[in-house]
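Student: What follows is a structure written as structure tokens; I'll ask about it next.
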Amino acid sequence: MLSMTPTSMDALIREADAALAALLSRTDATPDGPVAPGWDGGARVADVLAHLHGWHGLLLVWLDAEARGATPAFPADGYGWDRLADLNAALVAAHAHRPYAEVRALLAASHLEVIAALRGIDETSVFDPVARPWLGDQSLGDVAHECLGAHYAWGEGVLGTEGASSE
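Here the sequence shown is numbered in this note's numbering, starting from 539 and rising by one per residue.
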């Protein structure tokens, strides 16, 4: 599992890139491998990647809303944190018809899109826990870390039959 949230943009991105590379190396080796039964998000390796890609999309929606001066729906329109399982199921279902290679490409592309979006934000504000009241007491850096490097480590945990945790 990854450590606490990195405290600089370079460290956040370096950790995210390394964790994604490790995850994709593992999934590329066994794209039809098992997914731990403890995760209820889908039975395919591609479903795990779709889940991760979906959270990238959410992060990008939050950043877009904020850039327009709107308060982002956090975690998503129509979903509260009490419906996280429903949100996760919807994120996976959106890509259930896609083969592994296609979902992998979507994940890799959305990773780069998130990184580019983060690089366009003042670094000091990214790591300031009071800069974005819509995030409660979290900084954007905390949330980005959870959607990137920490989430990729979680993804590795649901592959195979050991180390599964639900989200």
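Note that beta-carbon positions come from the ideal geometry of N, C-alpha and C, so glycine has one too. Since we're looking at a predicted model, the values are computed, not measured.
Name the one or two DSSP bridge partners that L697 has.
Tutor: V573
Student: Taking R642 as the reference, which of S546, A549, T565 and M542 has the closest Cα?
Tutor: T565
Student: Kindly indicate which residue of I653, W593, L650 and R657 has the alpha-carbon position closest to the one of E626.
Tutor: Correcting the residue type first, residue 626 is Asn in the shown sequence and not Glu. Per the Cα distances, W593.
Student: Can you give the Cα-Cα distance for Y690 and L590, rounded to whole angstroms?
Tutor: 7 Å
Student: Buried or exposed for R582, going by 16 or more other Cβ atoms inside 10 Å?
Tutor: buried
Student: Can you tell me which of the three DSSP states A559 falls into?
Tutor: The answer is helix: DSSP assigns A559 an H, G or I state.
Student: Where does the unbroken alpha helix (DSSP H) through W600 begin, and where does it stop?
Tutor: V583 to A605
Student: Would you mind sorting P502 into buried or exposed? The rule is 16 or more other CB atoms within 10 Å of its CB.
Tutor: Here the chain comprises residues numbered 539 to 705, so residue 502 is not present and cannot be evaluated.
Student: Between C685 and the rest of its own chain, which residues show a CB-CB distance below 6 Å, the 5 nearest in sequence each way excluded?
Tutor: W593 and L597
Student: Round the Cβ separation of L561 and H683 to the nearest angstrom and send it over; I've been treating them as touching at under 8 Å.
Tutor: The Cβ separation is near 15 Å, so there is no contact.
Student: How big is the Cα-Cα spacing for A634 and D624?
Tutor: 15 Å
Student: In terms of residues, what are the limits of the alpha helix (DSSP H) holding I653?
Tutor: Y638 to R657
Student: Among residues of its own chain, excluding the 5 on either side of W672, which ones have a beta-carbon nearer than 6 Å to its beta-carbon?
Tutor: Once the five neighbours on either side are set aside, the close Cβ partners of W672 are T609, P610 and F612.
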